[in-house]
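Chains A and B, in that order, give the protein sequences. With the working numbering applied, the first sequence covers 1 to 207. With the working numbering applied, the second sequence covers 1001 to 1207. We put the CB at the ideal spot given by N, CA and C, even for glycine. In this text the structure is predicted, and so the values were computed from the model without any measurement. Before any comments, here is the structure.
Protein chains: 2
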Amino acid sequence: MTDSNRPPDATQVGRPFDRSRDALILDVTLDLLAERAYDRVTLDDVAARTGKAKTTLYRRWATKDDLVLAAIHSIGLPPEIEQLPDLGSLRSDLLAVVDSPWLGGPDRRLALFSGLTSAARASERIAGAVRAEVTEPYGETYRRLLTRAIDRGELSAEMAARVPIVADVIPAMSTHYLTAADRPAQRDFFVAVIDDVVLPALQVGRG
Amino acid sequence: MTDSNRPPDATQVGRPFDRSRDALILDVTLDLLAERAYDRVTLDDVAARTGKAKTTLYRRWATKDDLVLAAIHSIGLPPEIEQLPDLGSLRSDLLAVVDSPWLGGPDRRLALFSGLTSAARASERIAGAVRAEVTEPYGETYRRLLTRAIDRGELSAEMAARVPIVADVIPAMSTHYLTAADRPAQRDFFVAVIDDVVLPALQVGRG
DNA sequence: TAATTACGCTACTCGTTAGTAGCGTAACCC
DNA sequence: GGGTTACGCTACTAACGAGTAGCGTAATTA
Chain A
1 MTDSNRPPDA
11 TQVGRPFDRS
21 RDALILDVTL
31 DLLAERAYDR
41 VTLDDVAART
51 GKAKTTLYRR
61 WATKDDLVLA
71 AIHSIGLPPE
81 IEQLPDLGSL
91 RSDLLAVVDS
101 PWLGGPDRRL
111 ALFSGLTSAA
121 RASERIAGAV
131 RAEVTEPYGE
141 TYRRLLTRAI
151 DRGELSAEMA
161 ARVPIVADVI
171 PAMSTHYLTA
181 ADRPAQRDFF
191 VAVIDDVVLP
201 ALQVGRG
Chain B
1001 MTDSNRPPDA
1011 TQVGRPFDRS
1021 RDALILDVTL
1031 DLLAERAYDR
1041 VTLDDVAART
1051 GKAKTTLYRR
1061 WATKDDLVLA
1071 AIHSIGLPPE
1081 IEQLPDLGSL
1091 RSDLLAVVDS
1101 PWLGGPDRRL
1111 ALFSGLTSAA
1121 RASERIAGAV
1131 RAEVTEPYGE
1141 TYRRLLTRAI
1151 DRGELSAEMA
1161 ARVPIVADVI
1171 PAMSTHYLTA
1181 ADRPAQRDFF
1191 VAVIDDVVLP
1201 ALQVGRG
């Protein structure tokens, strides 16, 4: 199970298991993963920053991997995947996703992706969870925006074949920038990716 | 210094310091970094796989970081940056770089990039070396190919402004694929990136 | 041969981190 | 109140990994 150790007991007696603490712990775990690589995030760190005892963490999750898996699971889908922004043009829709506050906005989102990537290298279970619960849904958001632009005639139907690969350009360039430069990408970088790569790649033969 | 501890002594006496061992050790270090994240590569691993004693490693490099820095330094420039392939079209030139045997060919090159990225998160010195000696020169190779295509009239001169960002698409998509999928990218993926993203992005208004 | 230095080996120190044990106290049910 | 369970705390174990010490041996120069 990705989730907690101890399912809430129906015939409760004694001090109740305080589930409301979980959210704070998982948030702090993600914060730390946004700051440092997986191997440099210790459970002592998590305990210190949450103000909880390390034993309290282990009462909820059996291992560090389980804690991180639960944290990943707590992320949830990007809001845009449920309610795709419709601002009238593909360009503004893409920018809306770029500017989305999902996972704390562009900067923290990127830093977190980086931390999750390092976690993925440490465990096959985590790698699977990151792909299924973060990378995939985020890519899906872009794919849907592109497909919808075709549906409403903003793009030629011939571009449908390119959608899967072009949709990955923004996430790919974001993380690449993190490696290639020594600072998080600014907004004008994303604007350039959209205006100089994504949109042109979908408009050949139109002008 | 990025390089070895002990400079070869001019007034040599006694058993000579065998510099020829360095290359093997650095190669094995890169091999291991292509397999696992930085924190999971131990000097005991390096010693075991090289067949050398751990003390022999420490006689050459003072710390693990120094060893990895030397390994990075040993990589050298991609051959294409010195002698850019000229196969008549931008498309074939790009594919030549994709297929280049630099760093052991596409698969190992990608795996190594991934390991170097993890190493970069562990130390600011390593991060700088990776950027300066690997990421930057590799990006530069693509930038030159694109610029040359403009120079020879294959692309419109108006595309010059896009060169820096479009040149990063191939490296970015490569590493992204490594995260998004659970296997290294196949050649047809790179072909698709070139045909569906890079070239179209540089040909708007031409058709 | 003697002197000198590199190498490989075994065994260590020391710091760090995952995970655990035990206890006093807090919060809940009856 | 009494019973029961969660929490926080301190302290621990066990493993692992960077880096070191010491010794016997190999390779070289004089």
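- Query: Using a Cβ-Cβ distance under 8 Å, would A:Ala192 count as near chain B?
  - Reply: Here residue 192 of chain A corresponds to residue number 192 of the first sequence, with the count starting at 1. Judged by the 8 Å Cβ criterion, A:Ala192 is in contact with chain B.
- Message: Can you pull the chain B neighbours of A:Ala186, defined as C-beta to C-beta under 7 Å?
- Response: Taking the first residue of the first sequence as 1, we reach residue 186 of chain A at position 186. One point to set straight first is that residue 186 of chain A is Gln, not Ala, in the sequence displayed. Near A:Gln186 there are no residues of chain B at all, since even the closest Cβ is about 13 Å away, more than 7 Å.
- A:Ala37 to B:Ala1120, Cα distance in whole Å? Numbered from its first residue, the first sequence carries residue 37 of chain A at position 37. Numbered from its first residue, the second sequence carries residue 1120 of chain B at position 120. Cα to Cα, the separation comes out at about 10 Å.
- Task: Out of B:Pro1085, B:Arg1183, B:Leu1110 and B:Trp1061, point me to the one whose CA is closest to B:Ser979's CA.
- Result: Residue 979 of chain B is absent from the model: chain B starts at 1001 and stops at 1207.
- Query: Between A:Lys52 and A:Ile126, what straight-line distance do the alpha-carbon atoms span, to the nearest angstrom?
  - Reply: Taking the first residue of the first sequence as position 1, residue 52 of chain A is located at position 52. Taking the first residue of the first sequence as position 1, residue 126 of chain A is located at position 126. Between A:Lys52 and A:Ile126, the C-alpha separation is close to 24 Å.
- For the alpha helix (DSSP H) that contains B:Asp1018, what are its first and last residues? Along the second sequence, read from residue 1 onward, the residue named residue 1018 of chain B stands at position 18. That residue, B:Asp1018, is in no alpha helix (DSSP H); it is neither H nor E in DSSP.
- Item | Nonlocal neighbours in the same chain, by C-beta distance under 8 Å from A:Val169, ignoring five residues either side | Residue mapping note: residue 169 of chain A aligns to position 169 of the first sequence, counting from 1. Same-chain partners within the cutoff: Val193, Val197, Val198 and Ala201.
- Query: When you compare only the Cα positions, how much space is there between A:His176 and A:Phe189?
  - Reply: In the first sequence, counting from the first residue as 1, residue 176 of chain A sits at position 176. In the first sequence, counting from the first residue as 1, residue 189 of chain A sits at position 189. Cα-Cα distance, rounded: 12 Å.
- Near-chain A residues of the region 1025–1047 of chain B - C-beta to any C-beta below 9 Å: Arg1036, Ala1037, Tyr1038, Asp1039 and Arg1040
- Can you list, in chain order, the stretches of the alpha helix (DSSP H) that have 4 or more residues and sit fully within the region 1059–1104 of chain B? 1064–1075, 1079–1082 and 1090–1098
- Does the beta carbon of B:Thr1131 come closer than 8 Å to any beta carbon on chain A? In the second sequence, counting from the first residue as 1, residue 1131 of chain B sits at position 131. Per the sequence presented here, residue 1131 of chain B reads as Arg, with Thr not at that position. With 8 Å as the cut-off, B:Arg1131 counts as an interface residue toward chain A.
- Message: Between the alpha carbons of B:Pro1016 and B:Asp1031, how many angstroms are there, rounded?
- Response: The count along the second sequence starts at 1 and reaches residue 1016 of chain B at position 16. The count along the second sequence starts at 1 and reaches residue 1031 of chain B at position 31. Cα to Cα, B:Pro1016 sits roughly 27 Å from B:Asp1031.
- If we cut at 8 Å on Cβ distances, does A:Gly104 have a partner in chain B? Taking the first residue of the first sequence as position 1, residue 104 of chain A is located at position 104. Chain B, which has no Cβ nearer than 8 Å to the Cβ of A:Gly104, makes this no.
- Query: Relative to chain A, which residues along the region 1152–1175 of chain B have a C-beta separation below 7 Å, given in chain order?
  - Reply: Arg1162, Ile1165, Val1166, Asp1168, Val1169, Pro1171, Ala1172, Met1173 and Thr1175
- Query: In chain A, which residues lie less than 7 Å from B:Gly1051 when you measure between Cβ atoms?
  - Reply: By 1-based counting over the second sequence, the position of residue 1051 of chain B is 51. Correct list: empty, because the minimum Cβ distance to chain A is about 27 Å.
- Task: Give the C-beta separation of A:Val46 and A:Ile25 to the nearest angstrom, bearing in mind that I take them to be a contact with Cβ-Cβ under 8 Å.
- Result: The residue given as residue 46 of chain A occupies position 46 in the first sequence. The residue given as residue 25 of chain A occupies position 25 in the first sequence. Going by Cβ atoms, the distance from A:Val46 to A:Ile25 rounds to 7 Å, so yes, they are a contact pair.
- Could you name the residues of chain B that A:Val97 contacts, counting a contact when the two beta carbons are closer than 8 Å? Counting from 1 along the first sequence, the entry for residue 97 of chain A is found at position 97. Near A:Val97 there are no residues of chain B at all, since even the closest Cβ is about 16 Å away, more than 8 Å.
- Query: Hey, how far is the Cα of B:Pro1085 from the Cα of B:Gly1104?
  - Reply: Taking the first residue of the second sequence as position 1, residue 1085 of chain B is located at position 85. Taking the first residue of the second sequence as position 1, residue 1104 of chain B is located at position 104. Their backbone Cα atoms lie some 18 Å apart in a straight line.
- Query: Counting contacts by CB-CB distance shorter than 8 Å, is B:Arg989 in contact with chain A?
  - Reply: Nothing can be reported for residue 989 of chain B: it is not among the residues displayed for chain B, which extend from 1001 to 1207.
- Query: Could you give the distance in angstroms between the alpha-carbon of B:Asp1093 and the alpha-carbon of B:Thr1056?
  - Reply: Translated into positions along the second sequence, residue 1093 of chain B becomes position 93. Translated into positions along the second sequence, residue 1056 of chain B becomes position 56. Roughly 43 Å separates the two Cα atoms.
- Listing by chain order, which chain A residues have their CB less than 8 Å from the CB of B:Ser1118? Within the second sequence, the letter at position 118 stands for residue 1118 of chain B. Result: Ala37, Ser118 and Arg121.
- Task: Name the two residues that bound the continuous alpha helix (DSSP H) containing A:Leu178.
- Result: By one-based count along the first sequence, residue 178 of chain A stands at place 178. Its alpha helix (DSSP H) spans residues Val169 to Ala180.
- Message: To the nearest angstrom, how far is the alpha carbon of B:Glu1154 from that of B:Ser1089?
- Response: As a first step, residue 1154 of chain B is located in the second sequence; it is residue number 154 there, counting from the start. As a first step, residue 1089 of chain B is located in the second sequence; it is residue number 89 there, counting from the start. One C-alpha to the other measures close to 8 Å.
- Message: Using C-beta distances below 8 Å, list every residue in its chain close to A:Val209, excluding the 5 sequence neighbours before and after it, in chain order.
- Response: Residue coverage of chain A in this structure runs from 1 to 207, which leaves residue 209 of chain A outside it and unanswerable.
- Message: Could you tell me which whole alpha helix (DSSP H) segments of length 4 or greater appear in the region 101–175 of chain A?
- Response: 105–122, 124–130, 136–151 and 163–167
- Message: Can you pull the chain B neighbours of A:Pro200, defined as C-beta to C-beta under 7 Å?
- Response: The sequence position of residue 200 of chain A within the first sequence is 200, counting from 1. Residues of chain B passing the Cβ test: Pro1200, Ala1201 and Val1204.
- Take A:Pro79 as the anchor and find which of A:Arg40, A:Val68 and A:Pro101 has the nearest alpha-carbon. One-based indexing of the first sequence puts residue 79 of chain A at position 79. Measuring from the Cα of A:Pro79, the nearest candidate turns out to be A:Pro101.
- Query: What does a CB cutoff of less than 7 Å around A:Tyr138 pick up in its chain, not counting 5 residues either side in sequence?
  - Reply: As a working note, residue 138 of chain A is residue 138 in the first sequence. Excluding sequence neighbours, A:Tyr138 sits near Pro78 and Pro171.
- Which of helix, strand or coil DSSP assigns to B:Thr1042: Along the second sequence, one-based indexing puts residue 1042 of chain B at 42. Looking at B:Thr1042 - three-state DSSP - the assignment turns out to be coil, as it is neither helix nor strand.
- Item | Exposed unless 16 or more other CB atoms sit within 10 angstroms - verdict on B:Glu1033 | Taking the second sequence and counting its residues from 1, one reaches residue 1033 of chain B at position 33. Checking the sequence shown, residue 1033 of chain B turns out to be Leu, not Glu. With 16 or more other Cβ atoms within 10 Å, it is buried.
- Item | Proximity of A:Ala70 and A:Trp61 at Cβ, strictly below 8 Å | Residue numbering aside, residue 70 of chain A sits at position 70 when the first sequence is read from its first letter. Residue numbering aside, residue 61 of chain A sits at position 61 when the first sequence is read from its first letter. Result yes, Cβ atoms of A:Ala70 and A:Trp61 sit closer than 8 Å.
- Item | Contact set between A:Ala88 and chain B, taken where Cβ atoms lie within less than 7 Å | By one-based count along the first sequence, residue 88 of chain A stands at place 88. Rather than Ala, the amino acid found at residue 88 of chain A in this sequence is Gly. Those within 7 Å of A:Gly88 in chain B number zero; the least Cβ separation is about 21 Å.
- From A:Glu133 to B:Ala1180, what does the alpha carbon distance come to, in whole angstroms? Taking the first sequence and counting its residues from 1, one reaches residue 133 of chain A at position 133. Taking the second sequence and counting its residues from 1, one reaches residue 1180 of chain B at position 180. Cα to Cα, the separation comes out at about 11 Å.
- Distance, B:Ala1122 Cα to B:Arg1040 Cα: In the second sequence, residue 1040 of chain B corresponds to position 40, counting from 1. In the second sequence, residue 1122 of chain B corresponds to position 122, counting from 1. Computed Cα separation, rounded: 12 Å.
- Give the residues of chain A in contact with B:Gly1139, contact being defined as C-beta atoms less than 8 Å apart. Within the second sequence, the letter at position 139 stands for residue 1139 of chain B. Going along chain A in sequence order, the residues near B:Gly1139 (Cβ under 8 Å) are Ala180.
- Of the residues B:Ile1150, B:Ile1165 and B:Pro1164, which one's Cα is nearest the Cα of B:Glu1158? Position 158 of the second sequence, counted from the start, is the residue given in the question as residue 1158 of chain B. Nearest of B:Ile1150, B:Ile1165 and B:Pro1164 to B:Glu1158, Cα basis: B:Ile1150.
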